[in-house]
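Chains as they are written, first to last, in the working numbering: chain A, 1 to 188; chain B, 1 to 188.
Comments concern the structure below.
Number of protein chains: 2
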Amino acid sequence: MPRKLPISLTPNDWLRAAFVQLAAAGVQAIKAEVLAKQLKTTKGSFYWHFKDVPTFKAEMLKLWEAEATRSIMLAVTSSAPPGPQRLHVLARIVSQMNAENDYGGLSAEPAIREWARVELQAATAMQRVDSARIAFVKKLFVDCGMTARDARLRAELFYSGFLGLQAMAAIKPIDVGIRMSELLKLLL
Amino acid sequence: MPRKLPISLTPNDWLRAAFVQLAAAGVQAIKAEVLAKQLKTTKGSFYWHFKDVPTFKAEMLKLWEAEATRSIMLAVTSSAPPGPQRLHVLARIVSQMNAENDYGGLSAEPAIREWARVELQAATAMQRVDSARIAFVKKLFVDCGMTARDARLRAELFYSGFLGLQAMAAIKPIDVGIRMSELLKLLL
DNA sequence: ACATCTCCATACGTCAGCGTATGTTGCGCG
DNA sequence: CGCGCAACATACGCTGACGTATGGAGATGT
Numbered sequence: 001m002p003r004k005l006p007i008s009l010t011p012n013d014w015l016r017a018a019f020v021q022l023a024a025a026g027v028q029a030i031k032a033e034v035l036a037k038q039l040k041t042t043k044g045s046f047y048w049h050f051k052d053v054p055t056f057k058a059e060m061l062k063l064w065e066a067e068a069t070r071s072i073m074l075a076v077t078s079s080a081p082p083g084p085q086r087l088h089v090l091a092r093i094v095s096q097m098n099a100e101n102d103y104g105g106l107s108a109e110p111a112i113r114e115w116a117r118v119e120l121q122a123a124t125a126m127q128r129v130d131s132a133r134i135a136f137v138k139k140l141f142v143d144c145g146m147t148a149r150d151a152r153l154r155a156e157l158f159y160s161g162f163l164g165l166q167a168m169a170a171i172k173p174i175d176v177g178i179r180m181s182e183l184l185k186l187l188l
Numbered sequence: 001m002p003r004k005l006p007i008s009l010t011p012n013d014w015l016r017a018a019f020v021q022l023a024a025a026g027v028q029a030i031k032a033e034v035l036a037k038q039l040k041t042t043k044g045s046f047y048w049h050f051k052d053v054p055t056f057k058a059e060m061l062k063l064w065e066a067e068a069t070r071s072i073m074l075a076v077t078s079s080a081p082p083g084p085q086r087l088h089v090l091a092r093i094v095s096q097m098n099a100e101n102d103y104g105g106l107s108a109e110p111a112i113r114e115w116a117r118v119e120l121q122a123a124t125a126m127q128r129v130d131s132a133r134i135a136f137v138k139k140l141f142v143d144c145g146m147t148a149r150d151a152r153l154r155a156e157l158f159y160s161g162f163l164g165l166q167a168m169a170a171i172k173p174i175d176v177g178i179r180m181s182e183l184l185k186l187l188l
């Protein structure tokens with residue numbers, strides 16, 4: 001039994017559980033008692049670690065925003081030299097990192113987007129992430145020799161296509177990777 | 001005062017109010033008492049017209065599914081002859097019908113998609129709508145002389161791009177129409 | 001060893017939302 | 001004119017979720 005007996009829960013344990021819940025059932029499913037049950041404890045623990053639920057959600061957003069773009073940018077720039085190769089790498093990896101990462105990876109993103117549609121705090125975080133990602137993709141297109149204007153448009157279309165495919169994949173499983181590759185061919 | 005005194009509420013009044021609420025605050029915001037307040041009545045009325053909330057939601061989905069594709073298809077095929085023109089028309093009209101139609105138009109769609117991510121009943125409806133729309137767009141590409149395979153791929157990318165732009169527009173206002181036009185140029 | 005502090009358990013009051021049961025009102029009609 | 005039904009209004013009990021308050025167990029320092 002490699003079971004590590006629960007010595008003491010960290011704030012991160014709660015946050016990870018919350019992202020799982022978020023991905024599975026949406027923002028409204030993030031409830032203190034539900035998370036407590038999943039962590040086999042009680043909400044007394046929750047309210048010891050966090051002031052209240054809104055504060056907790058704010059921490060979720062902070063964590064997500066910090067990791068949502070960084071890890072992908074890192075993976076891309078470290079596995080290919082500047083040029084079209086990086087875009088192909090990007091198209092491949094974004095479609096296969098479902099639910100691996102701590103903060104829920106990409107499987108929680110549709111839920112966060114709906115969250116952003118409803119709550120202002122999440123909306124501003126989402127806007128910053130969208131902008132950062134589009135700027136990054138734009139740079140990749142610029143590195144392929146495109147003008148700033150063309151690169152920007154293609155970055156937006158590339159990203160929009162990804163969002164759409166991600167949204168559809170959340171309901172009915174499809175091969176996002178191959179479609180992203182085809183989209184990229186048309187954009188280059 | 002052109003105020004028409006509330007003679008008697010119809011089921012459709014409730015449904016329209018619910019789509020407004022859905023677009024504004026998501027599925028979880030569809031609550032009998034909230035809708036009653038918006039219609040300046042009480043939930044006694046709600047439970048007279050409808051058995052319970054789940055049944056009511058099911059009727060919402062039924063209504064939405066019936067109208068979500070039909071009206072757009074009709075508008076496109078009736079305003080242009082077969083060929084690329086129809087795609088341009090489609091790119092234009094889908095981006096400007098925000099919140100006009102009865103069932104919430106397109107402004108409620110991101111919420112319905114999240115709904116579909118969480119509840120099975122909505123997921124099956126959403127899948128059918130997605131399939132119908134993609135099939136329709138595919139046909140438009142076929143009418144432009146494309147092979148079935150190419151047309152299918154382009155229809156998916158066109159639709160995915162639309163979904164992504166729609167999702168982004170729900171958070172931060174952007175010009176969906178111009179971006180859809182540019183996407184279409186690349187797909188033709 | 002004993003007091004303290006951390007980390008969690010339990011019990012409580014509150015409130016929103018559900019669904020039911022029953023009271024109330026206004027029109028249609030003989 | 002008054003009866004009856006459609007279309008609500010109101011009152012109720014119930015559950016789930018919040019946040020608080022207080023109790024308790026286990027490690028820890030001196």
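For every residue, glycine included, the Cβ atom is placed at its ideal position computed from N, Cα and C.
These numbers come from a predicted model, not from an experiment.
| task | Answer yes or no: do B/Leu164 and A/Gly164 have a C-beta to C-beta separation smaller than 8 Å? | result | Before going on, a small fix: residue 164 of chain B reads as Gly here, not Leu. In contact: B/Gly164 and A/Gly164 (Cβ atoms closer than 8 Å).
| query | Taking 8 Å as the CB-CB cut-off, is B/Lys40 touching chain A? | reply | no
| How many angstroms separate the CA atom of B/Val20 from the CA atom of B/Trp115? | 15 Å
| request: Helix, strand or coil for B/Gly105, going by three-state DSSP, please let me know. | output: strand
| query | Who are the Cβ neighbours of A/Arg92 in its own chain at under 8 Å, not counting the five residues just before and after it? | reply | Gly177, Met180 and Ser181
| Counting along the chain, where does the alpha helix (DSSP H) carrying B/Asp130 start and finish? | Leu120 to Val142
| request: Could you tell me whether the Cβ of A/Val118 comes closer than 8 Å to any Cβ of chain B? | output: yes
| query | For A/Leu5, which of helix, strand or coil comes out of DSSP? | reply | Because A/Leu5 carries a pLDDT of 47, less than 50, the predicted location of this residue cannot be relied on, and no value is offered for it.
| field | Where A/Met73 sits in the DSSP three-state scheme | value | helix
| message | Tell me which residues share the same chain as B/Pro84 and place their Cβ nearer than 8 Å to its Cβ, disregarding the 5 neighbours each side in the sequence. | response | Cys144 and Leu188
| request: Let me know if B/Leu35 comes out buried or exposed under the rule of 16 or more other beta-carbons within 10 Å of its beta-carbon. | output: buried
| Cutoff 8 Å: A/Glu109 Cβ touching any chain B Cβ | no
| task | Pull up the distance between the alpha-carbon of A/Ala80 and that of A/Val137, whole angstroms please. | result | Cα-Cα distance, rounded: 14 Å.
| task | Inspect the CB distances between the region 111–131 of chain A and the region 144–161 of chain B and report whether three or more fall short of 8 Å. | result | no
| request: Please report the Cβ distance between B/Arg128 and B/Glu65, rounded to the nearest whole angstrom; I am assuming they are in contact, meaning their Cβ atoms lie under 8 Å. | output: 6 Å
| Quick one, which residues of the region 26–56 of chain A are near chain B if we go by CB-CB under 7 Å, in chain order? | Gly26 and Gln28
| Where does A/Met168 sit, in a helix, a strand or coil, going by DSSP? | helix
| request: Assign B/Ile30 to buried or exposed, taking buried as 16 or more other Cβ atoms, counted over all protein chains shown, within 10 Å of its Cβ. | output: That one is buried.
| request: Find the nearest neighbour of B/Val53 within the set B/Leu153, B/Leu15 and B/Ala169, judged by alpha-carbon distance. | output: B/Leu15
| message | Counting C-beta neighbours from all protein chains within 10 Å, is the total for A/Pro2 16 or more, i.e. buried, or is it exposed? | response | Annotation note: pLDDT 35 at A/Pro2 (below 50); position unreliable, coordinate value reported separately. Label assigned to A/Pro2: exposed.
| Do we get a CB-CB distance below 8 Å when we pair B/Ser160 with the residues of chain A? | yes
| Is it right to say A/Glu109 is buried, meaning 16 or more other beta carbons lie within 10 angstroms of its own, or is it exposed? | buried
| message | How far does the alpha helix (DSSP H) with B/Lys57 in it extend, from its first residue to its last? | response | Val53 to Ala68
| query | Would a check of beta-carbon distances place B/Glu114 closer than 8 Å to chain A? | reply | B/Glu114 counts as touching chain A.
| Extent of the continuous alpha helix (DSSP H) to which B/Leu186 belongs | Val176 to Leu187
| query | Can a CB atom of chain A be found closer than 8 Å to the CB of B/Ala167? | reply | For B/Ala167, a Cβ of chain A is located within less than 8 Å of the residue's own Cβ.
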